[in-house]
Amino acid sequence: MKYAKKAGYYLATILFLIFTVGPFVWTFIISVTPDYAIFAPTSKMLPESITFANYVELFSGSRRGNAFFKGMYNSMRAVGITLVIGIPIAMMSAYALSRMEFKGRKVIKNLFLITMVIPVMATIIPLYRMFAAGKMLDNIFWLSLVYVSSYLPMASWLISNYFATIPKELEEAAMIDGCGRGAAFFRIILPLSRPIILSVTLIMFLNTWSQFQIPLILASSMETKPMAIVVSEFMTKDSIQYGLIAAAGMTALIPPALTAMLFRKYLISGMMGGSVKG
Amino acid sequence: MKKKILPYLLLAPMILIMGVLVFYPIIATFSYSLKKWKLTAPGDIHFIGIKNYLDIIQSDSFWYSMQNTLFILVFVVIFTTLFGYLVASFLNVDVKWSGILLSLSILPWALPPYVNGVLWKFVFFSGYGFLNKLLIGLGITSKPIEFLGSRWTLLLVISIVVVWRSIPFMALVCLAGRQSIPVDFYEAAKMDGGTPGMIFRYITMPLMKPFLAVGITSTSVTAINVFDEIVALSGYSDLGKNILMESYLTTFTFLNFGKGSAMTYIVMFFALILGVFYLRSLNREVEY
Numbered sequence: 000m001k002y003a004k005k006a007g008y009y010l011a012t013i014l015f016l017i018f019t020v021g022p023f024v025w026t027f028i029i030s031v032t033p034d035y036a037i038f039a040p041t042s043k044m045l046p047e048s049i050t051f052a053n054y055v056e057l058f059s060g061s062r063r064g065n066a067f068f069k070g071m072y073n074s075m076r077a078v079g080i081t082l083v084i085g086i087p088i089a090m091m092s093a094y095a096l097s098r099m100e101f102k103g104r105k106v107i108k109n110l111f112l113i114t115m116v117i118p119v120m121a122t123i124i125p126l127y128r129m130f131a132a133g134k135m136l137d138n139i140f141w142l143s144l145v146y147v148s149s150y151l152p153m154a155s156w157l158i159s160n161y162f163a164t165i166p167k168e169l170e171e172a173a174m175i176d177g178c179g180r181g182a183a184f185f186r187i188i189l190p191l192s193r194p195i196i197l198s199v200t201l202i203m204f205l206n207t208w209s210q211f212q213i214p215l216i217l218a219s220s221m222e223t224k225p226m227a228i229v230v231s232e233f234m235t236k237d238s239i240q241y242g243l244i245a246a247a248g249m250t251a252l253i254p255p256a257l258t259a260m261l262f263r264k265y266l267i268s269g270m271m272g273g274s275v276k277g
Numbered sequence: 000m001k002k003k004i005l006p007y008l009l010l011a012p013m014i015l016i017m018g019v020l021v022f023y024p025i026i027a028t029f030s031y032s033l034k035k036w037k038l039t040a041p042g043d044i045h046f047i048g049i050k051n052y053l054d055i056i057q058s059d060s061f062w063y064s065m066q067n068t069l070f071i072l073v074f075v076v077i078f079t080t081l082f083g084y085l086v087a088s089f090l091n092v093d094v095k096w097s098g099i100l101l102s103l104s105i106l107p108w109a110l111p112p113y114v115n116g117v118l119w120k121f122v123f124f125s126g127y128g129f130l131n132k133l134l135i136g137l138g139i140t141s142k143p144i145e146f147l148g149s150r151w152t153l154l155l156v157i158s159i160v161v162v163w164r165s166i167p168f169m170a171l172v173c174l175a176g177r178q179s180i181p182v183d184f185y186e187a188a189k190m191d192g193g194t195p196g197m198i199f200r201y202i203t204m205p206l207m208k209p210f211l212a213v214g215i216t217s218t219s220v221t222a223i224n225v226f227d228e229i230v231a232l233s234g235y236s237d238l239g240k241n242i243l244m245e246s247y248l249t250t251f252t253f254l255n256f257g258k259g260s261a262m263t264y265i266v267m268f269f270a271l272i273l274g275v276f277y278l279r280s281l282n283r284e285v286e287y
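Written out as C-alpha cells, the structure reads:
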C-alpha cells in the first residue's frame, strides 16, 4: 500500500512536469532547429542538427531583432510608469477603505471590484475615440494609465485586506505618542506592509508584461507597441519564420519566468490573497 | 470636519482614474450601442434604439460566436476546476522539492497569454507539430491531423491552452482552502470511523465551497474574456472567434462602432452576472 502511494506520487510528478514544462522544452527545441527541418515530414522528435541562428538573428541587430527588443523596452517602460502611478494610488485607496469609516464606503468598494469582470472591449471603444481626439494614441504614458485603471481594483483590494490584519492599536499607540496620522502610516503601516506591496508590484509587472489587447488598439507605433504585439506581427507578416518566433517567445519568457522562480513566495501569497481574506 | 473629507481625498485619485478610464467609457459604449455609427459613413450617425441588438441576434455569425464562447466557457470551467483541485492535492504533499514544484506550477499563470498561445501552437501545429509527430510515431494516425484547421478541434485547443493558464490560480485557491481546514477535523473524523469518501463529502467539500466559488467565478470571467490565445492560434480568422473577437472585428476591422458596442454589451451582460457572484463569494469570506 505504501509503495503504491509512493509510485502514484511519482507518476503524478512526472505527469505534472510533462504538462507544465513540456511546451517550453518543445518550443526551445523548435527555436534551435534549422528552418528547413522544423516541420519536415518525419515523426522524429529531435532535429538532426541544431542551430542558434534564430537567436543570433534576434540579438545581432537585424530588423526583426531590433523590433523585438524595442518591444521589450517599450513593455519595460510601461511597467515602470504603471508601478510609479499605480502603487501609491492603490495604497491611498486601500488605507481609506480599510482604516476609515465614511459614507458610501461599501458602495465604492463594490463598484471598484465589479469592474474586474468587465471585458476590455466594453471600455476600449470610447477610450479609442477619446485618445484619438486628444492625440493620446501611441503614447506610453496614457497607455500605462489605462493599464493602471484595470489593476487598481485588485491592487487596492489586496492591500486593504492586508492593512486590515495590522492591529489598529499599533497605529493608535503611535498617535498617542504624538505622531500624526501621516507619520503613523509611514512609520508603522508602511514598513509592516512590505510583503503585500512587493506582491502587488510583481503582479502588476507580470500583467503589464502580458498586455496584448489594449495596446493592439491604443498603441500601434514602433515607439510604443509592446513585446507581445511585436511577436504577433512576426506571425502574420508575409513570411512566417517559426524558428524566430520560437526564439523570441523563449526570450520574452525570461523576465516573467525568473520573477516566478525568485519571488514565488510573494506571488503565491498575492494570488491566494485574492481569494482569501487577510 | 477635516476628518470627514480625508477618506474622500485619499480615494480621489482612484475615483478620478476609474471614473474617466472605466466608468465613463462603459456608459459611453452603451450610448454608442444605440446609434447607427459606422466610421465608413462619418456623416451619418444617429440614434436607432435597439436596432443594433436586433440585427445582432438575427445574424448567424453572432450565434456562431456565441456557441464558441459557450463551448470555451463550459470546457474551461469544468477542466480548470478538476485539474486545479488535483494539482492542489498534489502540491499539498510535503516533499524536499515542494518549492521547485510550486514555482513551476505558477509559470503558466505568470506568462503572457499571447506567448502561451504561441508555445501551444507549436505543440498542436497542423503539419508535423509535436502532437502529430507523437501520434504518427505511435501509429495512431498515418498523416498529420489539422488540429487548428477545423472548428471543433481548434476550439478544443484554445480551451486547453486557457485551462493550462487558469489551473495555477485555481490550484492555489484550492490549496488555500485545504490549508484553512484544521487537521483536527480530519483526525476526529477518522477516529469516528469516517471513510475517505465521507470525509471528502462532509468535511472537505463544505469547507472548500467558498474557495471554490471564488475560483470558479474568476475562471468563468477568464473564459469569456479569452482573446490573446485565439489570435495566437488562429489569427483573426472567423473559425475560432468568440463574441469578444467578433466585437473586436466588427468595431476595428469593419469600423462599425455602433454594432461593435452593442455586441460588447451582450458579453458584458454575462460578465456582470458572473461579477455579482464574484462579489458575493469574495465578500462572504469576510464574515468567517
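Line order of the protein sequences matches chains A and B. Under numbering that gives the first Met the number 0, the residues of the first sequence are numbered 0 to 277, in order. Under numbering that gives the first Met the number 0, the residues of the second sequence are numbered 0 to 287, in order. The beta carbon of each residue, even a glycine, is placed where N, CA and C say it ideally should be.
Check your understanding: List, in order along the chain, the chain A residues whose C-beta lies closer than 9 Å to that of asparagine 67 of chain B?
Key -> The count along the second sequence starts at 1 and reaches residue 67 of chain B at position 68. The contacting residues do not exist; asparagine 67 of chain B stays about 15 Å from chain A at best.
Check your understanding: DSSP beta-bridge partners for lysine 37 of chain B?
Key -> Locating residue 37 of chain B in the second sequence gives position 38, where the first residue counts as 1. According to DSSP, which records beta bridges pairwise, lysine 37 of chain B is partnered with B/Asn255.
Check your understanding: In chain B, what lies closer than 8 Å to arginine 263 of chain A by C-beta?
Key -> Along the first sequence, read from residue 1 onward, the residue named residue 263 of chain A stands at position 264. Near arginine 263 of chain A (Cβ distances below 8 Å), the residues of chain B are Gly98, Leu101, Ser102, Ile105.
Review point. Would you say alanine 39 of chain A faces chain B, with C-beta separation under 9 Å as the test?
Key: Residue mapping note: residue 39 of chain A aligns to position 40 of the first sequence, counting from 1. Output row for alanine 39 of chain A: interface = yes.
Point to revise | Neighbourhood of threonine 50 of chain A by C-beta distance below 7 Å, restricted to the same chain and skipping five residues each side | key: In the first sequence, residue 50 of chain A corresponds to position 51, counting from 1. The beta carbon of threonine 50 of chain A lies closer than 7 Å to those of Val31, Pro33 in the same chain, with the five residues before and after it left out.
Practice item. Please decide whether proline 255 of chain A counts as near chain B, where near means a Cβ-Cβ distance under 9 Å. Key: Counting from 1 along the first sequence, the entry for residue 255 of chain A is found at position 256. Yes, proline 255 of chain A lies at the interface with chain B (some Cβ there is under 9 Å from its Cβ).
Check your understanding: Comparing alpha-carbon positions, which option in A/Ala52, A/Ala259, A/Gly272 lies nearest tryptophan 108 of chain B?
Key -> As a first step, residue 108 of chain B is located in the second sequence; it is residue number 109 there, counting from the start. Among A/Ala52, A/Ala259, A/Gly272, the Cα nearest to that of tryptophan 108 of chain B belongs to A/Ala259.
Review point. Is the beta carbon of phenylalanine 204 of chain A less than 9 Å from the beta carbon of alanine 227 of chain A?
Key: Here residue 204 of chain A refers to the residue found at position 205 of the first sequence. Here residue 227 of chain A refers to the residue found at position 228 of the first sequence. The answer is no: Cβ separation not under 9 Å.
**Study point:** Residue interval of the alpha helix (DSSP H) (run including glycine 269 of chain A)
**Key:** Position 270 of the first sequence, counted from the start, is the residue given in the question as residue 269 of chain A. Element bounds for glycine 269 of chain A: 263-272.
Check your understanding: Can you find a C-beta in chain B that's less than 9 Å from the C-beta of lysine 43 of chain A?
Key -> Here the question's residue 43 of chain A lines up with position 44 in the first sequence. Judged by the 9 Å Cβ criterion, lysine 43 of chain A is in contact with chain B.
Review point. Since tryptophan 208 of chain A and proline 111 of chain B are thought to touch, with beta carbons under 8 Å apart, how far apart are those beta carbons, to the nearest angstrom?
Key: On the first sequence, position 209 is the one that residue 208 of chain A refers to. On the second sequence, position 112 is the one that residue 111 of chain B refers to. At roughly 6 Å, the Cβ-Cβ gap stays under 8 Å, so tryptophan 208 of chain A and proline 111 of chain B are in contact.
Exercise for review: May I ask you to verify whether the region 258-265 of chain B touches the region 211-224 of chain B, counting CB pairs closer than 8 Å and requiring at least 3?
Suggested key: no
Exercise for review: To the nearest angstrom, report how far apart valine 275 of chain A and valine 147 of chain A are at their CA atoms.
Suggested key: Start at 1 with the first residue of the first sequence, and residue 275 of chain A comes out as number 276. Start at 1 with the first residue of the first sequence, and residue 147 of chain A comes out as number 148. Because the pLDDT of valine 275 of chain A is 49, which lies under 50, any placement of that residue in the model is unreliable, and the number read from its coordinates should be weighed accordingly. Valine 275 of chain A and valine 147 of chain A have their C-alpha atoms spaced approximately 23 Å apart.
Review point. Within this structure, are the beta carbons of phenylalanine 226 of chain B and leucine 238 of chain B separated by less than 9 Å?
Key: For the purposes of this step, residue 226 of chain B is identified with residue 227 of the second sequence, where counting begins at 1. For the purposes of this step, residue 238 of chain B is identified with residue 239 of the second sequence, where counting begins at 1. No, Cβ-Cβ distance for phenylalanine 226 of chain B and leucine 238 of chain B is not below 9 Å.
Check your understanding: Is the Cβ of valine 275 of chain A closer than 9 Å to any Cβ of chain B?
Key -> In the first sequence, residue 275 of chain A corresponds to position 276, counting from 1. Bear in mind that the predicted position of valine 275 of chain A carries a pLDDT of just 49, short of 50, making it too unreliable to give a figure here.
Review point. Taking Cβ positions only, does proline 6 of chain B come closer than 9 Å to chain A?
Key: Counting from one through the second sequence, the residue named residue 6 of chain B turns up at place 7. Proline 6 of chain B counts as touching chain A.
Practice item. Report the neighbours of lysine 132 of chain B on chain A: residues whose CB is nearer than 9 Å to its CB, in chain order. Key: Locating residue 132 of chain B in the second sequence gives position 133, where the first residue counts as 1. The CB of lysine 132 of chain B comes closer than 9 Å to the CB of Thr41, Ser42, Lys43, Met44 in chain A, given here in chain order.
Practice item. Ignore the nearest five residues each way along the sequence and tell me which others in valine 86 of chain B's own chain have a CB closer than 7 Å to its CB. Key: Translated into the one-based positions of the second sequence, residue 86 of chain B becomes position 87. Closer than 7 Å at the Cβ level, and outside the excluded window around valine 86 of chain B, lie Ser104, Ile166, Ala170.
Review point. Between the region 236-252 of chain A and chain B, which residues of the former have CB atoms less than 8 Å from a CB of the latter, in chain order?
Key: Tyr241, Ile244, Ala245, Gly248, Ala251, Leu252
Review point. Taking Cβ-Cβ distances below 7 Å as the criterion, which residues of the region 60-88 of chain A are in contact with chain B?
Key: Ile88
Review point. So, are the CB atoms of alanine 121 of chain A and tyrosine 127 of chain B less than 9 Å apart?
Key: Along the first sequence, read from residue 1 onward, the residue named residue 121 of chain A stands at position 122. Along the second sequence, read from residue 1 onward, the residue named residue 127 of chain B stands at position 128. Not a contact, by the Cβ cut-off of 9 Å.
**Study point:** Under 9 Å from the C-beta of methionine 17 of chain B: neighbouring residues of chain A
**Key:** If you number the second sequence from 1, residue 17 of chain B lands on position 18. Residues of chain A passing the Cβ test: Leu110, Phe111, Thr114, Ser148, Leu151, Pro152.
Exercise for review: Measure the CB-CB distance between glycine 93 of chain A and isoleucine 158 of chain A and report whether it falls below 9 Å.
Suggested key: As a working note, residue 93 of chain A is residue 94 in the first sequence. As a working note, residue 158 of chain A is residue 159 in the first sequence. A small fix is needed here, since residue 93 of chain A is alanine in this sequence, not glycine. Closer than 9 Å, so yes.
Review point. Which residues, in order along the region 209-222 of chain A, keep a beta-carbon less than 7 Å from a beta-carbon of chain B?
Key: Ser209, Phe211, Gln212, Ile216
Check your understanding: Between which two residues does the alpha helix (DSSP H) containing glutamine 212 of chain A stretch?
Key -> Working through the first sequence from its first residue, we reach residue 212 of chain A at position 213. For glutamine 212 of chain A, the enclosing alpha helix (DSSP H) stretches over residues 212-217.
**Study point:** Exposed unless 16 or more other CB atoms sit within 10 angstroms - verdict on threonine 353 of chain B
**Key:** Limits of chain B in this structure are 0 at one end and 287 at the other, which puts residue 353 of chain B out of reach.
Practice item. Compare the C-beta of alanine 270 of chain B against all C-beta atoms of chain A and say whether one is closer than 9 Å. Key: Here residue 270 of chain B refers to the residue found at position 271 when the second sequence is read from its first residue. Alanine 270 of chain B counts as touching chain A.
**Study point:** Spatially closest choice to threonine 221 of chain B from B/Pro181, B/Ala187, B/Met267, by CA coordinates
**Key:** Locating residue 221 of chain B in the second sequence gives position 222, counting from the first residue. Comparing Cα positions, the closest option is B/Met267.
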